[in-house]
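*Asks:* Take this structure, written in structure tokens, and hold onto it; I'll ask about it next.
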Amino acid sequence: MNEDRLAEAIEHAISGSAICFLGAGFSTLAGDSGGTRKVPSSSELTDELWKLANVPPEPGSSLTDIAEFFEANSRGAELAAYLGKRLTFCKPAPVQETILNLPWRAIFTTNFDDIVERALPEDKIQVVSPIRRPNFILTDKIPLYYLHGRALDLSERSGVASLVLSESNYLDVRSKDSDLYAAFVNEIHAASQIFFIGYSVRDTEIASRIVTLGDSLRRKSVVIAKPGQGAVANARLQKFGDIAGIGVEGLAAALEAQAHEPVIRDSGLVFLKAVERPEPVTEVTKGDVDSLILTGEFNRDCFSAQRRKIDPSDVYCVDHTSKIGEILSPKTRGVNRFLITSDIGNGKSTFLGQLTVCAIEDGFSAYIIDSTLIEIYRDVDTILSRKEKCIFIVDDLIRYRNISKYIGERLHDSAILVCTTRDSFGSLKFGRATELLSGAVREVALDRLSADELNSWDQFLERWGYWEQRIEMSPTERVKFLSEDCGAENRSIVVSVFQSSSISKKIANIVDFFLRNNEEHLTPFVAILVASLCQKHVRWDQIVAWLNIDEDGFRSALAKDDIFDFLSPNRNWHLFTSAQLADHIFRRFDLNKDVIVDVYSRIVRETAYSSNDSRSGGDSRENLKELMKFRFLTRLFGEGSDAAKTIEAVYSRLSKVKKIRLNDQFWLQYAMSCMERKDIPDAETYLNTALGLAEKKGMDYDDDQIIDQRIRLLLMKNAQPSYKIKEAEISIALEDLTSSLANPLQTKIYPIRSATYILELLDSKIDEIGRNTMSEIGIVLDTMKSILDDNKQLPKSQRGETSKLREQVRRARLVVQNS
Numbered sequence: 019m020n021e022d023r024l025a026e027a028i029e030h031a032i033s034g035s036a037i038c039f040l041g042a043g044f045s046t047l048a049g050d051s052g053g054t055r056k057v058p059s060s061s062e063l064t065d066e067l068w069k070l071a072n073v074p075p076e077p078g079s080s081l082t083d084i085a086e087f088f089e090a091n092s093r094g095a096e097l098a099a100y101l102g103k104r105l106t107f108c109k110p111a112p113v114q115e116t117i118l119n120l121p122w123r124a125i126f127t128t129n130f131d132d133i134v135e136r137a138l139p140e141d142k143i144q145v146v147s148p149i150r151r152p153n154f155i156l157t158d159k160i161p162l163y164y165l166h167g168r169a170l171d172l173s174e175r176s177g178v179a180s181l182v183l184s185e186s187n188y189l190d191v192r193s194k195d196s197d198l199y200a201a202f203v204n205e206i207h208a209a210s211q212i213f214f215i216g217y218s219v220r221d222t223e224i225a226s227r228i229v230t231l232g233d234s235l236r237r238k239s240v241v242i243a244k245p246g247q248g249a250v251a252n253a254r255l256q257k258f259g260d261i262a263g264i265g266v267e268g269l270a271a272a273l274e275a276q277a278h279e280p281v282i283r284d285s286g287l288v289f290l291k292a293v294e295r296p297e298p299v300t301e302v303t304k305g306d307v308d309s310l311i312l313t314g315e316f317n318r319d320c321f322s323a324q325r326r327k328i329d330p331s332d333v334y335c336v337d338h339t340s341k342i343g344e345i346l347s348p349k350t351r352g353v354n355r356f357l358i359t360s361d362i363g364n365g366k367s368t369f370l371g372q373l374t375v376c377a378i379e380d381g382f383s384a385y386i387i388d389s390t391l392i393e394i395y396r397d398v399d400t401i402l403s404r405k406e407k408c409i410f411i412v413d414d415l416i417r418y419r420n421i422s423k424y425i426g427e428r429l430h431d432s433a434i435l436v437c438t439t440r441d442s443f444g445s446l447k448f449g450r451a452t453e454l455l456s457g458a459v460r461e462v463a464l465d466r467l468s469a470d471e472l473n474s475w476d477q478f479l480e481r482w483g484y485w486e487q488r489i490e491m492s493p494t495e496r497v498k499f500l501s502e503d504c505g506a507e508n509r510s511i512v513v514s515v516f517q518s519s520s521i522s523k524k525i526a527n528i529v530d531f532f533l534r535n536n537e538e539h540l541t542p543f544v545a546i547l548v549a550s551l552c553q554k555h556v557r558w559d560q561i562v563a564w565l566n567i568d569e570d571g572f573r574s575a576l577a578k579d580d581i582f583d584f585l586s587p588n589r590n591w592h593l594f595t596s597a598q599l600a601d602h603i604f605r606r607f608d609l610n611k612d613v614i615v616d617v618y619s620r621i622v623r624e625t626a627y628s629s630n631d632s633r634s635g636g637d638s639r640e641n642l643k644e645l646m647k648f649r650f651l652t653r654l655f656g657e658g659s660d661a662a663k664t665i666e667a668v669y670s671r672l673s674k675v676k677k678i679r680l681n682d683q684f685w686l687q688y689a690m691s692c693m694e695r696k697d698i699p700d701a702e703t704y705l706n707t708a709l710g711l712a713e714k715k716g717m718d719y720d721d722d723q724i725i726d727q728r729i730r731l732l733l734m735k736n737a738q739p740s741y742k743i744k745e746a747e748i749s750i751a752l753e754d755l756t757s758s759l760a761n762p763l764q765t766k767i768y769p770i771r772s773a774t775y776i777l778e779l780l781d782s783k784i785d786e787i788g789r790n791t792m793s794e795i796g797i798v799l800d801t802m803k804s805i806l807d808d809n810k811q812l813p814k815s816q817r818g819e820t821s822k823l824r825e826q827v828r829r830a831r832l833v834v835q836n837s
């Protein structure tokens, strides 16, 4: 490991964005409570415990062996008492204090001693141990996680703490304390650098069974090893990160030296980094374009080549620069908050990629907000304080609403804030856009392609041979096909490419690779598809840890096959499906349902545990909402009776996790699953549970979705032939429906979808409905008709759905008028 790499890592620690893990080798420099002996090393403690056990020591035995002897002979309390005596009220060495006094983002220790607590003021740290669990991790303190137990708990609490000394207990951390394990994993993924200090090969080998350190984690990890350690030991430690053979004393010396001569990065940023200026490629290849179509990952260097027209045939993607001009043009600088409205798959990622390149060319520094970590706010303040031309790009306003509002409140005239949303401009459920972004907002809508964009699509498909048989059509006919048959929608055009071009053969070969020849890699493949459907918010390094994936073996298998020639050679090699492609594969190919259920359930369960972390679980909380949606599961398992049974089984499985059961959205989605199967009693029970949990959250909580489903449930319930009609229930549904239709913040497609259920009710129970109730139904239907008359196509509706609903409203109104 070179000096620059260590200096960079230390800089992150000084800035407060790194975490450290303290092993047994760190503790041995401290004195014990008596002041005459050092805190014992593993071997010393082993010898002491053999004497305590009063049995002859066994040659070659380890600390694990003797600890398991105590447990096997019901002497665990005796063992714990001795550890409390030797490992509390320790006296830290100066070099330990130097290391511990850094502003670590978090400190993890697999030791039981209280060295950290003795080295730092009590008001600077927050202790977390298996039996000492605060409800919230405070933002103004350093969390100190005792992963295996805390000797001080023996004296501060009644009973014996669960000290993890034996290997069997060591490996129980993940299963016995899911919340602690989740916080552990969250901190690892949130940190910019990870220091392993005082760990032996044995420690790291056991630790590797608790959390899988994937490529992305190894790249940001530094292992502080003993000086002069052998090549074999270093080679094994290198699996965990870059080796610095300087020991604890050497690290303390390096910290002190760098404190006097800090290595300051030009940006002064820690968690946010300016997007680098793209370097145009010399040639855009078919592989570059295939990669964009399949993975959805935008290559700025390729688009930069298209922009510079180095070669007129370098068409990398459909050009959206006319809409980008609305954002970057000086004429629009009076408004510097923009909302990009786009449904899933309609070109949002490509648009943002193009916007980033164009902004940098125009002299802006570009920053992408993709985390809810509180440290982001500090970096935002640093950027805005410079008063320079800058653009913040936030992909998903609702997910990152707090940081978006924070930026919007502080935006200066030279700064631009661009956020995306799936909702239409006037229908954001979390409040008006001007309130969310703290100022006037201009919308840039992507869902329907302009004439110029359709022509650009035609040129793109022609350039790369994707038209195939349709190439015989004239350009005018091809554009008409894109406009009418594909609805002038980006996603419909892409799906057409998936189904009828050379890309379709490539997709089939990719799936065949996993189904026929490499079934051992089917689990990570399915995991990648699930993450892609979740807009890739579930991180690959988390998936590697949660599913214990052999990342090296998986990557090696892909690299050996020419099918995957489109994969990125860099750290994003695993991003080989877009959300659209994942949806296409789940719908078109017969994947093993048991594998999908297992992978999905494990990802949701671990996401739920991670979301319970008050400090670093914000991203997981948003992911959990997306993953649990009924419509998300229909994309995984399809539709129809068999799929409905599978989905019901999945929800039943998830209901075993308490954290999930306490989520109102889970019961809402479970109810929707029951409604799909016409299981009205269970659906009603689960909806009422969802409403109860929502009411518990308070007045400000948005329960529109739950109310919307209750409307449909009550109408469906009363339409059943075997059910005696209850007009009071119908009136509740109509009253809620009237409120939803009148709500200016409600996306109108959702309440108007209830027209289907009103028509079913009328067809089934027309002779049983009273005059007053029929009058109320007529008023609701008139309101629906008025809204439909004002909208050729309702925002957020599927292709052809508005026309279908318009016809259902017309038929229902006729029934009411003729009753």
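Numbering (my numbering), first residue to last: 19 to 837.
Glycine included, C-beta positions come from ideal geometry on N, C-alpha and C.
(1) Whose C-beta lies closer than 8 Å to the C-beta of residue 788 among residues of the same chain, with five residues either side of it excluded?
(2) So what's residue 843 in DSSP terms, helix, strand or just coil?
(3) Quick check on the burial criterion: 16 or more other C-beta atoms within 10 angstroms. Buried or exposed for residue 114?
(4) CB-CB under 8 Å to residue 811, same chain, minus the five flanking residues each way: which ones, in chain order?
(5) Give the DSSP bridge partners of residue 461, in chain order.
(6) Check for me: the alpha helix (DSSP H) holding residue 618 runs from which residue to which?
(7) Would you tell me roughly how many angstroms separate the C-alpha atoms of residue 340 and residue 485, rounded to the nearest one?
(8) Given a cut-off of 9 Å on the beta-carbon distance, is the pair residue 733 and residue 708 in contact?
(9) With a 10 Å radius around its C-beta and 16 neighbouring C-beta atoms as the bar for buried, classify residue 537 as buried or exposed.
(10) Considering only residues of the same chain and omitting the five flanking positions on each side of residue 381, which have a CB-CB separation below 7 Å?
(11) At which residues does the alpha helix (DSSP H) containing residue 209 begin and terminate?
(12) Tell me whether residue 811 sits in a helix, a strand or coil according to DSSP, three-state version.
(13) Could you check if residue 289 is buried or exposed, using at least 16 other CB atoms within 10 Å of its CB as the buried criterion?
(14) Taking a contact to mean a Cβ-Cβ separation below 9 Å, would you say residue 312 touches residue 46 in this structure?
(15) Looking at C-alpha atoms only, which residue of 815, 401, 825 and 749 is the closest neighbour of residue 777?
(16) So which of 387, 40 and 100 has the shortest CA-CA distance to residue 88?
(17) With distances taken from CA atoms, which of 477, 510 and 509 is nearest residue 494?
(18) Enumerate, from N- to C-terminal direction, the unbroken alpha helix (DSSP H) stretches of 4 or more residues contained entirely within the segment 401 to 446.
(19) Quick check: the segment 487 to 503 against the segment 379 to 397, are at least 3 beta-carbon pairs closer than 8 Å?
(20) Kindly identify the DSSP beta-bridge partner or partners of residue 160.
(21) Starting from residue 241 and walking both ways along the beta strand (DSSP E), at which residues does that stretch end?
(22) Are three or more beta carbon pairs between the segment 312 to 327 and the segment 367 to 380 nearer than 8 Å?
(23) Between the Cα of residue 440 and those of 508, 464, 433 and 359, spot the shortest distance and give me the residue it belongs to.
(24) Start and end of the beta strand (DSSP E) containing residue 125?
(25) Considering residue 376, what are the terminal residues of the beta strand (DSSP E) in which it resides?
(26) Check whether the segment 240 to 247 and the segment 561 to 571 are in contact - that is, three or more C-beta pairs closer than 8 Å.
(27) Grab the span of the beta strand (DSSP E) containing residue 770 for me, first residue to last.
(28) Between residue 712 and residue 683, what straight-line distance do the alpha-carbon atoms span, to the nearest angstrom?
(29) Where residue 701 and residue 688 are concerned, what is the direct C-alpha to C-alpha distance, given to the nearest angstrom?
(30) Check whether the Cβ atoms of residue 135 and residue 170 lie closer than 9 Å to each other.
(31) Per DSSP, residue 49 is paired with what?
(32) For the structure I just gave you, are there three or more beta carbon pairs, one from the segment 332 to 347 and one from the segment 548 to 561, closer than 8 Å?
(33) Select from 468, 699 and 755 the residue whose C-alpha is nearest the C-alpha of residue 338.
(34) Buried or exposed for residue 430, please, with buried defined as at least 16 other CB atoms from any protein chain shown within 10 angstroms of its CB.
(35) Would you say the segment 119 to 138 touches the segment 26 to 39, given that touching needs at least three Cβ pairs under 8 Å?
(36) By the DSSP assignment, the beta strand (DSSP E) with residue 387 in it spans what residues?
*Replies:* According to the structure data:
(1) 745
(2) It is not possible to answer for residue 843, since the shown part of the chain is limited to 19 through 837.
(3) With 16 or more Cβ atoms within 10 Å of its Cβ, residue 114 is classed as buried.
(4) 820
(5) Residue pairing by DSSP places residue 461 opposite 357 in a beta bridge.
(6) 611 to 629
(7) 25 Å
(8) no
(9) exposed
(10) 407
(11) Run containing residue 209: none; DSSP gives neither H nor E here.
(12) coil
(13) buried
(14) no
(15) 825
(16) 100
(17) 477
(18) Whole alpha helix (DSSP H) segments, 4+ residues: 419 to 428.
(19) no
(20) Listed as beta-bridge partners of residue 160 by DSSP are 143.
(21) From DSSP, the beta strand (DSSP E) with residue 241 extends over 239 to 242.
(22) Remark: three or more beta-carbon pairs, one from each stretch, lie closer than 8 Å, so the segment 312 to 327 and the segment 367 to 380 are flagged as touching.
(23) Sorting 508, 464, 433 and 359 by C-alpha distance to the C-alpha of residue 440 places 359 at the top.
(24) Secondary structure note for residue 125: its beta strand (DSSP E) is the uninterrupted segment 124 to 127.
(25) Where residue 376 is concerned, there is no enclosing beta strand (DSSP E), although the alpha helix (DSSP H) it sits in stretches over 366 to 379.
(26) no
(27) Looking at the DSSP string, residue 770 is not in any beta strand (DSSP E); the run it does join, the alpha helix (DSSP H), is 767 to 770.
(28) 9 Å
(29) 7 Å
(30) yes
(31) 56 and 109
(32) no
(33) 468
(34) exposed
(35) yes
(36) 383 to 387
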